[in-house]
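A short write-up of the structure that comes next.
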């Protein structure tokens with residue numbers, strides 16, 4: 001009886017592992033389509049390996065890239081509107097000129113990634129790693145930057161109007177290089193420097 005219960009438990013565990021693997025596996029046809037056409041809106045690319053791929057100008061609107069490996073991937077000029085990069089690894093990725101409206105970067109690795117002068121307003125970065133990330137001149141109005149690791153990130157000229165940096169790891173001198181207006185922080189409260197009257 002005890003052996004039968006062990007076998008049943010193992011079968012259930014195996015089925016759960018298989019179901020979980022299927023739930024996080026990317027669609028191979030979608031990846032092939034992206035590689036051949038550079039167009040793959042609403043594609044299922046969960047966990048896909050896009051290491052060093054040249055996806056400049058790609059159409060990845062509403063694509064599901066959760067957990068994808070995008071190390072040193074070139075997304076320059078790509079349309080990533082509504083793309084979901086939650087838990088993805090974008091170490092050293094270039095996103096210069098990309099369209100990122102409503103994209104999700106929660107808990108993603110964005111170390112050394114390039115977001116120079118991009119419109120990132122309202123973007124969810126909660127829990128992301130932005131160590132040494134280039135955010136120079138980026139518009140981070142209303143961005144969710146809670147629990148984000150921002151040490152050494154370049155915020156020179158970045159717009160942090162109404163951005164939420166609660167519990168973020170950041171140095172005060174980094175914030176001084178940015179435009180602050182009703183910017184919420186944990187240690188320094190709400191910050192405003194030259195905030196226009198409403």
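In the numbering used here, the protein residues as written are 1 to 198.
Note that CB positions come from ideal geometry on N, CA and C, so glycine has one too.
This structure is a prediction, so every number in the text was calculated from the model and none was measured.
*What number of angstroms, rounded off, separates the C-alpha of residue 76 from the C-alpha of residue 101?*
In the chain shown, the residue the question calls residue 76 occupies position 76. In the chain shown, the residue the question calls residue 101 occupies position 101. Rounded to the nearest angstrom, the two C-alpha atoms are 15 Å apart.
*residue 154: CB within 7 Å of a non-hydrogen atom of the ligand NAP*: Ligands are entirely absent from the displayed structure, and the ligand NAP is therefore not among its contents.
*asked:* On the CB-based measure, 16 or more other CB atoms within 10 Å of its CB, does residue 127 come out buried or exposed?
replied: To locate residue 127, count along the chain shown from 1; it is residue 127. So residue 127 ends up on the buried side.
_Coarse secondary structure for residue 100, derived from DSSP in three states_ = As a first step, residue 100 must be located in the chain shown, where it is residue number 100. It is coil, neither helix nor strand.
*Under the three-state reduction of DSSP, which class applies to residue 69: helix, strand or coil?*
The sequence position of residue 69 within the chain shown is 69, counting from 1. Three-state result, residue 69: strand.
*With a threshold of 16 other CB atoms inside 10 Å of the CB of residue 107, please say whether the residue is buried or exposed.*
Residue numbering aside, residue 107 sits at position 107 when the chain shown is read from its first letter. Residue 107 is buried by the Cβ-count criterion.
*Enclosing alpha helix (DSSP H) for residue 175 [first to last residue]*: Here the question's residue 175 lines up with position 175 in the chain shown. It spans 172-176 - the alpha helix (DSSP H) in which residue 175 sits, taken as one unbroken run.
_Residue span of the alpha helix (DSSP H) that contains residue 37, given as start and end_ = For this step, residue 37 is matched to residue 37 along the chain shown. From DSSP, the alpha helix (DSSP H) with residue 37 extends over 28-37.
*Among the residues of its own chain, which have a CB less than 8 Å from the CB of residue 68, if the five just before and after it don't count?*
Numbered from its first residue, the chain shown carries residue 68 at position 68. For residue 68, where only same-chain residues beyond five positions count, the Cβ hits under 8 Å are 26, 45, 46, 47, 48, 49, 50, 85, 88, 89.
*Quick one: does residue 53 have its CB under 8 Å from some CB of chain B?*
Protein chain content of the structure displayed is limited to a single chain, and chain B is not contained in it.
*Would you mind sorting residue 36 into buried or exposed? The rule is 16 or more other CB atoms within 10 Å of its CB.*
The residue you call residue 36 lines up with position 36 of the chain shown. With fewer than 16 Cβ atoms within 10 Å of its Cβ, residue 36 is classed as exposed.
*asked:* Measuring alpha carbon to alpha carbon, tell me which residue in 63, 93, 97 is nearest residue 78.
replied: Your numbering for residue 78 matches position 78 in the chain shown. Residue 97 is the option with its Cα nearest to residue 78.
*asked:* Could you tell me the alpha carbon to alpha carbon distance between residue 141 and residue 34, rounded to whole angstroms?
replied: Position 141 of the chain shown, counting from 1, holds the residue named residue 141. Position 34 of the chain shown, counting from 1, holds the residue named residue 34. Roughly 31 Å between the two C-alpha positions.
*Where does residue 149 fall in DSSP's three states?*
As a working note, residue 149 is residue 149 in the chain shown. Three-state result, residue 149: strand.
*Which of helix, strand or coil DSSP assigns to residue 183*: Within the chain shown, numbered from 1, the residue matching residue 183 stands at position 183. Residue 183: strand per DSSP, three-state reduction.
*Go ahead and label residue 177 buried or exposed: buried means 16 or more other beta carbons lie within 10 angstroms of its beta carbon, across all protein chains shown.*
Your numbering for residue 177 matches position 177 in the chain shown. Classification of residue 177: exposed, given that the 10 Å Cβ count is below 16.
*Based on the DSSP output, what are the partners of residue 165 in its beta bridges?*
The sequence position of residue 165 within the chain shown is 165, counting from 1. Partner(s): 185.
*Can the beta-carbon of residue 114 be found closer than 8 Å to that of residue 95?*
Locating residue 114 in the chain shown gives position 114, where the first residue counts as 1. Locating residue 95 in the chain shown gives position 95, where the first residue counts as 1. Yes.
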